[in-house]
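In what follows, a single structure is set out as structure tokens and then discussed.
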Amino acid sequence: MAQKIVTIYTDDLTGEESSEAATHTIALDGVTYEIDLGPDSYDKLLEAVGPFLQAGRKTGRARKPRLAAVSGDDTAVIRAWAKENGYPVNDRGRVPADIREAYQKAH
240 MAQKIVTIYT DDLTGEESSE AATHTIALDG VTYEIDLGPD SYDKLLEAVG PFLQAGRKTG
300 RARKPRLAAV SGDDTAVIRA WAKENGYPVN DRGRVPADIR EAYQKAH
């Protein structure tokens, strides 16, 4: 029996499918948010927050990139790994942070 897995990435802002959508992390007042955006929506985000980033101060050192920013191919690999290792993961949507962290620790 053959099985075909199709992953569809959706821009959270527009609801449109995009093969280039990526997860981005935003923090404000101690609360961290994740949003999946295609390139056009990401440009809109940067345009909106750009003046605030220019006027603001960086705090601490930049942390190494989190798995939240993995490409679509990497997300598929993480899903497959999670299923093989007994983690409950949906076939679409975001991969939960605890599963991404477990994958990162395992690799």
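Quick note, the numbering used here runs 239 ahead of the 1-based positions in the sequence shown.
By construction, the Cβ of each residue, glycine as well, lies at the ideal position given by its N, Cα and C atoms.
Being a predicted model, the structure only gives us computed values, none of them experimental.
So residue 270 is in the beta strand (DSSP E); what residue range does that whole segment cover? As a working mapping, residue 270 is identified with position 31 in the sequence shown. That run of the beta strand (DSSP E) goes 270 to 276.
ask   = According to DSSP, is residue 256 helix, strand or coil?
value = For this step, residue 256 is matched to residue 17 along the sequence shown. It is a strand residue.
Discussion item. So, for residue 271: in the same chain, excluding its five sequence neighbours on each side, which residues have a beta-carbon less than 8 Å away from its beta-carbon?
Written reply: As a first step, residue 271 is located in the sequence shown; it is residue number 32 there, counting from the start. In the same chain as residue 271, and ignoring 5 residues on each side of it, the C-beta atoms closer than 8 Å to its own belong to 264 and 265, in chain order.
So, helix, strand or coil for residue 244, using DSSP?
-> The count along the sequence shown starts at 1 and reaches residue 244 at position 5. DSSP places residue 244 in coil when its eight states are reduced to three.
Does the stretch 334 to 343 touch the stretch 312 to 326, meaning 3 or more C-beta pairs lie closer than 8 Å?
-> yes
Using the Cβ count rule (16 or more neighbours within 10 Å means buried), how would you classify residue 331? Taking the sequence shown and counting its residues from 1, the one referred to as residue 331 is at position 92. Per the 10 Å Cβ criterion, exposed.
**Q.** 8 Å Cβ cutoff met for residue 276 and residue 260
**A.** On the sequence shown, position 37 is the one that residue 276 refers to. On the sequence shown, position 21 is the one that residue 260 refers to. A contact, by the Cβ cut-off of 8 Å.
Point to revise | Nearest to residue 251 (by Cα), restricted to the options 245, 262, 292 and 241 | key: As a working mapping, residue 251 is identified with position 12 in the sequence shown. Nearest in C-alpha terms to residue 251, of all of 245, 262, 292 and 241, is 262.
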